[in-house]
Structure formats: structure tokens, C-alpha cells
Amino acid sequence: FQTGQIWLDQQEITLKLSEPQRKLISFLYQRAGIICTYDEIAEGVWGVGEGVSPGAIYELVKRVRQKVEPDWKNPTYIITVPGKGYRLENPE
Numbered sequence: 755f756q757t758g759q760i761w762l763d764q765q766e767i768t769l770k771l772s773e774p775q776r777k778l779i780s781f782l783y784q785r786a787g788i789i790c791t792y793d794e795i796a797e798g799v800w801g802v803g804e805g806v807s808p809g810a811i812y813e814l815v816k817r818v819r820q821k822v823e824p825d826w827k828n829p830t831y832i833i834t835v836p837g838k839g840y841r842l843e844n845p846e
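The opening position of the sequence shown corresponds to residue 755 in our numbering, with each subsequent residue numbered one higher.
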């Protein structure tokens with residue numbers, strides 16, 4: 755695990771992140787407001803566009819949500835787009 759700083763609601767927070775978690779946050783941030791498909795996330799995080807199960811991506815997103823969302827079961831930052839993937843709400 756590595757320590758990383760991110761800005762959340764205009765506050766800097768420090769998180770312990772695995773490499774895939776760090777890559778996911780970075781990937782979604784670079785595409786804020788855009789729907790990222792499962793294959794795009796797999797490519798951005800693991801370097802493979804196919805062969806990563808949606809379940810593995812779900813688990814990764816869930817673990818990141820548990821670290822950054824006030825209520826990870828009702829996310830406000832990383833939004834699920836059913837049947838397509840995920841979208842990071844545009845940071846203000």
C-alpha cells in the first residue's frame with residue numbers, strides 16, 4: 755500500500771491505497787464526467803482491455819468508495835452507470 759493525497763470537497767485527505775486503487779482514482783479523475791466502460795477501466799488499471807471480470811472491477815470500485823465516499827452504499831463521487839461502467843462526478 756502507498757499513501758496518497760486527494761482533494762475531496764475542497765479538503766485534502768490522505769489515503770492508504772493499493773496500486774490498483776490509486777490507478778482507478780487517477781483514471782476516473784482524468785475522465786471526470788465521462789462514462790468509463792468496464793473494458794476501459796480494465797485497460798487503465800491493469801493494462802488489459804479484456805479478460806478482467808466486471809466482478810473484479812466492482813470489488814475495486816467498492817473498496818475505493820469505502821475510502822472516499824461519506825456513505826459508500828449511496829455514492830456521490832463514483833457513480834454506477836448500469837450496464838455500462840462508472841463515472842466520476844465532475845470535481846468542482
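C-beta: ideal position from N, C-alpha, C; glycine also.
Within the same chain, and ignoring the five residues on either side of P808 in sequence, the residues whose Cβ sits closer than 8 Å to its Cβ are Y792.
Within its own chain, the residues whose Cβ lies closer than 6 Å to the Cβ of K777, once the five positions on either side in sequence are excluded, are V799, listed in chain order. Per DSSP, G798 is one residue of the alpha helix (DSSP H) stretching across Y792 to W800. Residue pairing of Y840 in beta bridges, as defined by DSSP: C790 and T834. In the structure shown, V818 falls within a helical segment according to DSSP collapsed to helix, strand and coil. In this structure, V818 sits away from Q784, with a CB-CB distance that is not shorter than 8 Å. No Cβ-Cβ contact shorter than 8 Å links T830 with E813.
In its chain, beyond the 5 residues on either side, I811 have a beta carbon closer than 6 Å to the beta carbon of I795.
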